[in-house]
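Okay, so the sequence shown: first residue is 205 according to my numbering, each after it adds one. Note that CB positions come from ideal geometry on N, CA and C, so glycine has one too.
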Amino acid sequence: MMRKLMLSFLFLTVCFVAFGQEKGGGKSKKENIGVVEKGLVKISILYPYAEGKTFNMAYYETKHMPMVAGFLGSNLVKYTIEKGLSGGAPNQPLPFMAVGAFYVKSLSEYQAAIAPNIDAIRADFANYTNALPLILVSEVVK
């Protein structure tokens with residue numbers, strides 16, 4: 205009887221240890237790819253769609269965003285580029301042609317890096333769009 209109890213206890217201990225080592229609440233590593241850390245600062249640059257507005261995605265992807273990313277240095281964690289496809293509801297007009305986002309560790313470091321380069325950044329707008337971007341600065345919560 206004591207031997208069965210010890211074996212049962214040992215089996216349960218091994219199971220708890222094995223399952224307890226899995227990270228992410230049981231999610232596979234593939235499901236965690238692309239997760240952005242809580243507490244990072246996200247700078248979203250939204251380009252509103254309107255009749256007559258244009259956007260050169262190839263230029264934005266290969267020239268503009270890498271240029272700005274270079275200004276941010278080691279403060280930059282990652283950046284993303286999104287192409288607008290449609291509005292949220294069926295037959296709703298496209299609200300944004302594109303959205304760029306920078307994820308940085310420090311807002312003050314971001315601002316210090318952008319300030320001396322703001323004229324170059326704004327001058328480059330004409331190379332890829334005639335839309336005036338909206339900018340949202342936020343903190344990643346989850």
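{"Query": "Is the distance from the Cβ of Tyr307 to the Cβ of Val345 below 9 Å?", "Result": "no"}
{"Query": "Grouping DSSP H, G and I as helix and E and B as strand, with all else coil, what is Met210?", "Result": "Model confidence at Met210 stands at a pLDDT of 41, short of 50, so the residue's coordinates are unreliable and nothing is read from them."}
{"Query": "Suppose the cutoff is 7 Å on Cβ atoms and the five residues either side in sequence are ignored; what does the same chain contact list for Tyr332 look like?", "Result": "Phe259, Asn260, Tyr263, Tyr264 and His268"}
{"Query": "Distance check for Glu343 and Glu286, CA to CA, integer angstroms please.", "Result": "19 Å"}
{"Query": "When the Cα atoms are used, what is the spatial distance from Val303 to Ser312?", "Result": "22 Å"}
{"Query": "Whole angstroms are fine: how far does the CA of Leu336 sit from the CA of Asp323?", "Result": "15 Å"}
{"Query": "Between the alpha carbons of Lys242 and Ala305, how many angstroms are there, rounded?", "Result": "15 Å"}
{"Query": "Helix, strand or coil for Lys246, going by three-state DSSP, please let me know.", "Result": "strand"}
{"Query": "Ends of the alpha helix (DSSP H) at Tyr332?", "Result": "Counting along the chain, Tyr332 falls outside any alpha helix (DSSP H), and DSSP gives it neither H nor E."}
{"Query": "Taking buried to mean at least 16 other C-beta atoms within 10 Å of its own C-beta, is Ile247 buried or exposed?", "Result": "buried"}
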